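Trainee: Here the sequence shown stands for residues 1 to 217, numbered as in full-length UniProt numbering. Glycine is no exception: its CB is placed at the ideal position from the N, C-alpha and C atoms. Remember, predicted model here, so these are calculated numbers, not experimental data. Got a structure for you, questions after.
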Amino acid sequence: MMQNYGLWAVFVLVFLESSGLPLPGETALVTAAIYAGTTDGFALHEVIAVGTAAAVLGDTMGFFIGRTLGLKAMERLARRFPSAERRLLVGEFLFLRHGGKIVFWGRFVALLRVLAALLAGANKMPWRRFAVMNALGGLCWATFFSVVAYAFGDVIRRIEGPLGLTLLGLTLCGIVIGFVLFRRYEQRIIDHAIREMEKANSARVEAPELRSASSEA
1 MMQNYGLWAV
11 FVLVFLESSG
21 LPLPGETALV
31 TAAIYAGTTD
41 GFALHEVIAV
51 GTAAAVLGDT
61 MGFFIGRTLG
71 LKAMERLARR
81 FPSAERRLLV
91 GEFLFLRHGG
101 KIVFWGRFVA
111 LLRVLAALLA
121 GANKMPWRRF
131 AVMNALGGLC
141 WATFFSVVAY
151 AFGDVIRRIE
161 GPLGLTLLGL
171 TLCGIVIGFV
181 LFRRYEQRII
191 DHAIREMEKA
201 NSARVEAPEL
211 RSASSEA
């Protein structure tokens with residue numbers, strides 16, 4: 001099943017996630033790469049190629065969806081789902097603060113991976129700049145996660161005796177530690193964005209009050 005339909009499943013899930021749907025595209029990519037490392041079902045370069053193509057094409061669709069809908073329409077849709085509204089606000093703040101870099105680095109952050117292309121289109125980011133950052137981000141993301149997952153799968157395949165089990169344990173510990181540290185960093189980015197966004201909102205509220213007080217004086 002995995003050998004026959006695995007890469008198609010990776011393509012569909014990554015494509016849809018990149019287009020703006022909250023689906024486990026990254027999980028599918030990692031699973032396929034581990035499978036490639038433990039078997040001869042398909043090669044590492046095939047996983048990277050499929051992941052890159054799906055990410056780039058999905059982000060491209062997300063970009064044009066965002067450009068067609070516009071920011072106001074996206075905000076109206078997000079208001080129907082409280083968690084989606086907050087995520088959109090955080091993503092919008094980060095995009096306005098960091099611009100095109102979010103298209104690249106957003107692939108590595110779960111929250112932004114779904115929103116980056118939509119926000120780029122809604123904020124009228126120049127197509128050429130988006131295309132370059134999108135292609136680089138998709139390639140680096142697919143390569144990094146595929147290579148790490150493939151290496152883990154290869155370690156599993158080579159397990160023999162106590163030394164192999166020790167190597168597997170060390171590899172698992174390294175992956176878990178890396179994952180925890182990465183998620184903590186990701187959460188710090190989101191928390192920082194929320195704090196900065198709240199500061200900016202409070203400053204906008206206070207400014208009219210100060211102007212009103214000064215005019216009355």
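Excluding sequence positions up to five away, which residues of its chain have a Cβ less than 8 Å from the Cβ of F64?
Mentor: Same-chain partners within the cutoff: G121.
Trainee: Considering only their Cβ atoms, is the gap separating W141 from F93 smaller than 8 Å?
Mentor: For F93 and W141, no; Cβs fall outside 8 Å.
Trainee: Which residues bound the alpha helix (DSSP H) around L115?
Mentor: 110 to 122 is the extent of the alpha helix (DSSP H) around L115.
Trainee: Only counting the same chain, and skipping five residues up and downstream in sequence, which positions put a Cβ closer than 7 Å to that of L119?
Mentor: Counting only Cβ-Cβ distances below 7 Å, and skipping sequence neighbours, we find G66, G91, E92, F95.
Trainee: Taking contact to mean at least 3 C-beta pairs separated by less than 8 Å, is the segment 29 to 38 in contact with the segment 151 to 159?
Mentor: Yes, since at least three Cβ pairs between the segment 29 to 38 and the segment 151 to 159 fall closer than 8 Å, the two stretches touch.
Trainee: So for residue 221, helix, strand or coil by DSSP?
Mentor: The requested residue 221 does not occur in the structure, where the chain is confined to residues 1 to 217.
Trainee: Would you mind working out which of F104, R76, G70, L112 sits nearest R87, comparing C-alpha positions?
Mentor: When each option's Cα is compared against that of R87, the closest is L112.
Trainee: Could you have a look at L21 and say whether DSSP puts it in helix, strand or coil?
Mentor: Correct three-state label for L21: coil.
Trainee: Can you give me the C-alpha to C-alpha distance between N134 and F104, rounded to a whole angstrom?
Mentor: Rounded to whole angstroms, N134 to F104 spans 6 Å at the Cα level.
Trainee: Apart from the five residues just before and just after F145, which ones in its own chain have a Cβ nearer than 8 Å to its Cβ?
Mentor: Only E26, L29, V30, A33, G51 meet the Cβ criterion.
Trainee: Nearest to V137 by CA position, among A54, R97, A149, is which residue?
Mentor: Per the sequence shown, the amino acid found at residue 137 is Gly instead of Val. If we check each option's Cα against that of G137, A54 comes out closest.
Trainee: With C-beta atoms as the reference, is A14 less than 8 Å away from G58?
Mentor: Before going on, a small fix: residue 14 reads as Val here, not Ala. Yes, the pair counts as a contact, with Cβ atoms nearer than the cut-off.
Trainee: Could you tell me the distance, in whole angstroms, from the CA atom of K101 to the CA atom of L23?
Mentor: The straight-line gap from Cα to Cα measures roughly 23 Å.
Trainee: Measure the alpha-carbon distance for W127 versus A117 and round it to whole angstroms.
Mentor: Going by the C-alpha atoms only, they are around 11 Å apart.
Trainee: On the premise that N123 lies in contact with residue 220, defined as a C-beta separation below 8 Å, what is that separation, rounded to the nearest angstrom?
Mentor: What the structure shows of the chain is the stretch from 1 to 217, and residue 220 is not part of that stretch, so it cannot be assessed.
Trainee: When we look at the beta-carbon of Y150 and count the other beta-carbons within 10 Å, is it buried (16 or more) or exposed?
Mentor: It is buried - the Cβ of Y150 has at least 16 other Cβ atoms within 10 Å.
Trainee: Can you look up A28 in the DSSP assignment and give me helix, strand or coil?
Mentor: In the structure shown, A28 sits in a helix (DSSP, three-state: H, G or I).
Trainee: Would you give the residue range spanned by the alpha helix (DSSP H) that residue 282 belongs to?
Mentor: Because residue 282 is not part of the residues shown, which for the chain are 1 to 217, the question remains open.
Trainee: Could you check if G106 is buried or exposed, using at least 16 other CB atoms within 10 Å of its CB as the buried criterion?
Mentor: So G106 counts as buried.
Trainee: I need the straight-line Cα distance from R97 to E46, nearest angstrom please.
Mentor: Looking at the two C-alpha atoms, the distance is approximately 36 Å.
Trainee: As a quick exercise: from R129, V176, T166, G20, pick the residue whose alpha carbon is nearest that of V148.
Mentor: The shortest Cα separation from V148 among R129, V176, T166, G20 belongs to V176.
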